[in-house]
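As structure tokens, the structure follows; a few thoughts come after it.
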Amino acid sequence: MASTTIREALVPAAGRGARLDRPGTPKPLVTLGGVPLLLRNLRQLARAGVERAVVVVGYEADSVRCAVACRRDLGLVVEVVEHPGWAAGLASSVRAARGLLQGRFLLAMADHAWDDATVRRMAAVEVEAGGIVGLVDAEPRRVRDRASAVRVRLDGDRIVAIGRGLTPYHAIDAGLFAATPELFEALAVADGGELSDGVRVLAEGGRCAAVRVGEALWDDVDTPADLVQAELRLRRRRRGAAVSPEVGPRPPATTYRFTTGAPARTDVVVARGIVRGPAPFRMICADSASSPVFVVTDGTVDRLYGERFVGRLRAQGYDVRRVVVADGEGAKTLASYGYLMEQIVSAGPDALSVVVSLGGGAVCNVSGFLASTLFRGVTLVHVPTTLMAQCDAAISHKQAINGARGKNLVGSYYAPQAVFVDVQVLQSLDDRQLRDGLAEALKHALAQDRAYLRSLLERPVDLRDPDFLEWVVRRNVELKCQLMQRDPKELGEGMVLQYGHTVGHAVEHLSGYGLTHGEAVAIGMMAAARTARLMGACGEELVDVHTRLLERYGLPTAIPDGIGADAIVDTIRSDKRYLVEGVRMALLDRPGRLWSVDGEHAIPVPDDVLARALAGCRAGSARSLRS
Ligand SMILES: NC(=O)c1ccc[n+]([C@@H]2O[C@H](COP(=O)([O-])OP(=O)(O)OC[C@H]3O[C@@H](n4cnc5c(N)ncnc54)[C@H](O)[C@@H]3O)[C@@H](O)[C@H]2O)c1
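Counting in the working numbering, the sequence shown runs from 1336 upward without gaps.
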């Protein structure tokens, strides 16, 4: 038996990976942790002591060969073997290396990922003459796709049977073998398309041992979800390994704990005529009736509705003060927040005072943040006056102002006590503002409700029709309430609300707010659809439905020329949802459904995929990823 480190490896990297469905990227070159899988595995083999690797290429042989040949930093000698008959299956690719490996070698699948320690363990494993040692996972439940995995029957530490449909079975083949050249003979005898046919011949001859992966996690990257899972695991591992806390004797310690927080209820009232006649709706709760009420609005809304709205409340006896902030994002600056706070504090609020926002999403957001911070929280009521605010910004716990480096960087989660939605005031919005607000409504349809999406694609478009607007507002309020009920902090399925916002926020910020929020989100949704397609999560029809829907409602689908991809990625890194391991996005795997991998909705997106998706969102770039 030989127990010195194995110095050679065979890496079959010839397959197409049809199930991964990555347009334009052969499977060995999809990235994991920012590095193509094949290169990652070669480097890992080098770290384990392997000095020479034979890589068999087939599908898109030139690009795979080029990716390997151009690298001088792999730490081992790479010999590339082109195998025109790759489509016959994995066994044929392994056979293509016959004669090139004389002694023991590691057989490492190019589309698998292991940790360093596991590869090192296999490189040091003892292999009996003419035998083979397979790495197996004896916890099959951990394996995502057991149905198509290669199964293994064990007798102690011997593999006695191996195959895809095998039952009963004890373990799953984890794609890494320590082999001898007798494997080539066995494959010739077996004459099958599967590697397991050859391994079976050795197993039946009692020459196949097993090494268990134990607690270590490994991945077989066959589908888009597998790759996402592998990336999530890698990022988690890196996060966990980022620091090594000093472990020493611990002084006696006691942990005390408290848990607080009752659910917060928000009533959302939808009716026509609330803004001009708020009286019948009891906007201010009885407890606050004698406290100062602060109506925060912007210049435009104040001119249109301020006098009447405030007048009616005063006529009922409330002590109402009005504070007017700048229009649009100008209301959401630190300076504007400071000004607002000073105005209100100097006017003498009390602990039961109410902040009422009367305006669009910007007024909602700054008022909400103000209400959450004034006296560490006073009552908040929203009266949203734009389609955007009625469909989205007001039905939310997210209150925020902008920072110098991006949108909504300073904020809080804070529940409004009530939201009063008056669809009549939408009539004073211009067409661009209506289209803008519609973008968030389209987001809900695309990401959450297929039937709603179908209606939006079929219904005649008349943005000024009050019935159409009310239908849109009501459906969105319903959808948003459902999400708020389940996931107000948008950690899980609530990520629906983030759809289109990763790229959207960056584009909005980089346009100097020349693009409206909705226009930017429309572009962001287009980028997300292209990203999902490039990751193989969905088919081309998802991209098509985005294009059709957004164009139907006059929203942009292309990133403006002046905004570069590098600047977008850089701005995303300042986004509040960014983690140092890389970009994560809400993506769809089909119209009306958020893509979720093992319950995770924030999908890690490789930089190269994002760059290609952004390139696809340029005016004049090919609409189809196929072309
Ligand atoms: N917290 C959230 O969940 C959430 C969700 C979506 C959007 N937002 C935020 O909302 C903001 C965008 O909101 P918006 O699109 O309402 O823009 P906005 O608040 O900037 O308003 C746009 C313009 O419309 C005017 N306006 C408002 N109501 C009007 C009316 N009835 N008639 C005529 N003019 C009217 C305003 O004066 C302003 O000039 C962004 O800052 C975005 O980040 C937050």
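Even glycine gets a Cβ: it sits at the ideal position worked out from N, Cα and C.
Every value quoted in this text rests on a predicted model; they were computed, and no experiment measured them.
Exclusion of the five residues before and after Ala1872 leaves Pro1559, Leu1922, Asp1924 and Trp1930 as the residues of its chain whose Cβ lies within less than 7 Å of its Cβ. In the three-state reduction of the DSSP assignment, Pro1503 falls in the coil class.
Counted as a single uninterrupted DSSP element, the stretch harbouring His1936 is not any beta strand (DSSP E), since DSSP gives it neither H nor E. Distance from the CA atom of Asp1896 to the CA atom of Ala1954, rounded to whole angstroms, is 8 Å. Taken from the Cβ of Ala1697, at least one heavy atom of ligand 1 lies inside 6 Å. Remark: the C-beta of Gly1663 is in contact range of ligand 1, defined as less than 6 Å to any heavy atom. Between the segment 1544–1553 and the segment 1462–1469, the count of Cβ pairs shorter than 8 Å is three or higher; the stretches touch. Proximity of the beta carbon of Ser1747 to ligand 1 is not indicated: no heavy atom of the ligand is located closer than 6 Å.
DSSP places Lys1742 in the uninterrupted beta strand (DSSP E) bounded by Gly1741 to Tyr1748.
A Cβ-Cβ contact shorter than 7 Å links Leu1345 with Leu1436. Secondary structure of Cys1543 (DSSP, three-state): strand. Contact annotation: Gly1703 and Thr1720 have beta-carbon atoms that are not nearer than 7 Å.
The C-beta of Thr1339 has fewer than 16 other C-beta atoms within 10 Å across all chains shown, which makes the residue exposed. By the neighbour-count criterion, in which 16 or more other beta carbons inside 10 Å mark a residue as buried, Pro1584 falls on the exposed side. Counted as a single uninterrupted DSSP element, the alpha helix (DSSP H) harbouring Lys1778 occupies residues Asp1766 to Gln1783. Distances from the CB of Thr1721 to the heavy atoms of ligand 1 include at least one below 6 Å. With a threshold of 16 other beta carbon atoms within 10 Å, Ala1682 falls short and is exposed.
The continuous alpha helix (DSSP H) containing Arg1400 extends over residues Ala1396 to Ala1404.
Cβ neighbours of Met1723 within its own chain (closer than 7 Å, five residues either side excluded): Gly1695, Gly1696, Asp1771, Gly1772, Glu1775, His1852 and Gly1853. Taking every protein chain shown into account, the CB of Ser1731 has 16 or more other CB atoms within 10 angstroms, so this residue is buried.
The C-alpha of Thr1360 is placed about 21 Å away from the C-alpha of Val1413.
Val1658 and Leu1744 have their C-alpha atoms spaced approximately 23 Å apart. Not one heavy atom of ligand 1 sits closer than 6 Å to the Cβ of Ala1739. In the structure shown, the three-state DSSP call for Asp1602 is strand.
Counting along the chain, Arg1456 sits inside the alpha helix (DSSP H) bounded by residues Asp1451 to Ala1458. Per DSSP, the unbroken alpha helix (DSSP H) holding Pro1559 starts and ends at Pro1559 to Gly1575. Just so you know, the alpha carbons of Met1676 and Asn1737 end up roughly 16 Å apart. Burial state of Cys1405 is exposed, judged by a 10 Å Cβ sphere holding fewer than 16 other Cβ atoms. Listed in chain order, the non-local C-beta contacts of Thr1866 below 7 Å within the same chain comprise Met1920, Leu1922, Val1940, Val1944, Leu1945 and Ala1948, local neighbours out to five positions each way being set aside. Inter-residue distance for Arg1928 and Val1631 is about 37 Å (C-alpha atoms, whole angstroms).
Ranked by Cα distance from Glu1876, the first of Arg1887, Ala1855, His1505 and Pro1926 is Pro1926. At least one heavy atom of ligand 1 falls within 6 Å of the beta-carbon of His1852. The beta carbons of Ser1623 and Val1689 sit closer together than 7 Å. Only residues of its own chain outside the window of five on either side were considered, and among them Val1631, Val1698, Cys1699, Ser1702 and His1717 have a CB closer than 6 Å to the CB of Ser1692, listed in chain order. Excluding sequence positions up to five before and after Glu1805, its CB lies within less than 6 Å of the CB of Val1758, all in the same chain and listed in chain order. Scanning its chain for C-beta atoms nearer than 8 Å, with the 5 sequence neighbours on each side dropped, one finds around Arg1570 the residues Gly1368, Leu1914, Glu1916, Gly1917 and Pro1939, in chain order.
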